[in-house]
Each structure stands twice: as C-alpha cells, then as structure tokens.
Amino acid sequence: MHYTGTVYRNPYEPPSPLLEITQGCSHNKCKFCNMYSAVKYNPSPMEWIEEDLAEIASFYPETNRLQLLSADPFALNFKRLDAICDLVHKYLPNIEIMTMAARVDNITDKTVEELKILKDKGILELNIGAESGDGWTLDFVNKGYKSQDILEQCEKLDKAGIEYWLTFLNG
Ligand code: SF4
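Position one of the sequence shown corresponds to residue 455 (this note's numbering), numbered consecutively onward.
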C-alpha cells in the first residue's frame, strides 16, 4: 500500500480499508495543526491508487465500505474524484459507502449536480473540520475560509444529499 507519512484514520468510523488518494493537506496552514507539516500536498498517482485497490481487493474483496485518505482528499476536482470512484467500483464491486475528510473550500469548485453524481457513486459522507462558526476565530487560526463559506458550501451538500459531520475546536 502507498501510505505517505503518518496515517490518521477517523476514530469514529467503523473499521474499513484505507485508500490514500491524496498526500498531505491542500491548505497546511492552520495555526493549531502540525499533522501534515512534513508532507507536501499532492494528488496520488492513479497508478498507485489502482495498485492499492488491487491489494485491498485481494484481502477484502467483499468490503462495502472504504475510507479515503489523507487530510482532505475532497480537494481533488470533480473529474478526478469521479474517475477514482469508477476505479473503486471496478475493483470492489460491493462498495456502498466511501467516506473522507474535507475542508469547506474543497466543495467550492463542485456544482450541486457534480456532488449528486459523486453521491450516487458512493461518496455519502464527509467529515469536515469546520473548527468554528466565528469569523474572527477562523481568521485567527488561519483556517482559510469565512463562516459564510461554511453555510454556503454545506447547503450545497444538503441539496446533493451528501451527509457530513462538522468538527469544532473547544477552548
Ligand atoms: S485543514 Fe485540517 S489537516 Fe490541514 S492544516 Fe488545517 S486542521 Fe490541519
């Protein structure tokens, strides 16, 4: 398997195979976070993804669930995510749900229609580190988007039927 740096899996997810489709974080500038500071952001090569899917299929051919890595794989554009979904279904025909972490601004370049297509291909749930709904706090931690963006982009997910959890920082 191609795993880059430390692997962080969502602790609230049921156990499922982990497929890396990006390396690092597309933002990597939040003041409180050093999880991916040593990793340069890059989309994973499609050849790596295909090799890893073949390996997952050899161990868990019946799996119906997949967790996509790494920090914010939803940063990939629609075309690439769509192609990855097709590849997943080619190797793992029983897949029903794919989950991943996302930044709010990962959603910006995707239309509701494109989000619906991804949902129909199994991207049913995103885990979004919103951190705060307060504009001053978002600027202070250098989150890279405004509170209004959270509302606008999550509304697009609502319209597309993609479920999401928002994680907030305490203290
Ligand atoms: S977007 Fe997430 S992973 Fe990236 S720097 Fe901020 S908190 Fe860390």
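Using N, Cα and C, we set each Cβ at its ideal position, and we do this for glycine too.
Everything numeric in this text was worked out from a predicted model, so none of it was measured.
Proximity test, residue i beta-carbon vs the ligand SF4 heavy atom, cut-off 6 angstroms
{"i": "residue 626", "result": "Since the first and last residues shown for the chain are 455 and 625, residue 626 lies out of range."}
{"i": "residue 463", "result": "no"}
{"i": "residue 534", "result": "no"}
{"i": "residue 456", "result": "no"}
{"i": "residue 525", "result": "yes"}
{"i": "residue 583", "result": "yes"}
Extent of the continuous alpha helix (DSSP H) to which residue i belongs
{"i": "residue 519", "result": "No alpha helix (DSSP H) contains residue 519, which is instead part of the beta strand (DSSP E) from 519-523."}
{"i": "residue 578", "result": "First-last for residue 578: 577-585, but that is the beta strand (DSSP E), not the alpha helix (DSSP H)."}
{"i": "residue 609", "result": "601-614"}
Residues near residue i in its chain [Cβ-Cβ closer than 7 angstroms; skip 5 each side]
{"i": "residue 493", "result": "458, 459, 477 and 478"}
{"i": "residue 558", "result": "582, 584, 599, 603, 604 and 607"}
{"i": "residue 614", "result": "566, 569, 570 and 573"}
Proximity of residue i and residue j at Cβ, strictly below 7 angstroms
{"i": "residue 468", "j": "residue 520", "result": "no"}
{"i": "residue 530", "j": "residue 474", "result": "no"}
{"i": "residue 572", "j": "residue 535", "result": "yes"}
{"i": "residue 584", "j": "residue 620", "result": "yes"}
N-terminal and C-terminal residue of the beta strand (DSSP E) that residue i is part of
{"i": "residue 621", "result": "617-622"}
{"i": "residue 553", "result": "551-556"}
{"i": "residue 474", "result": "472-474"}
Neighbourhood of residue i by C-beta, 6 angstroms cutoff - its chain only, sequence neighbours within 5 removed
{"i": "residue 579", "result": "553 and 617"}
For residue j and residue i, believed in contact at Cβ under 8 angstroms, the rounded distance
{"i": "residue 539", "j": "residue 577", "result": "7 angstroms"}
{"i": "residue 528", "j": "residue 560", "result": "4 angstroms"}
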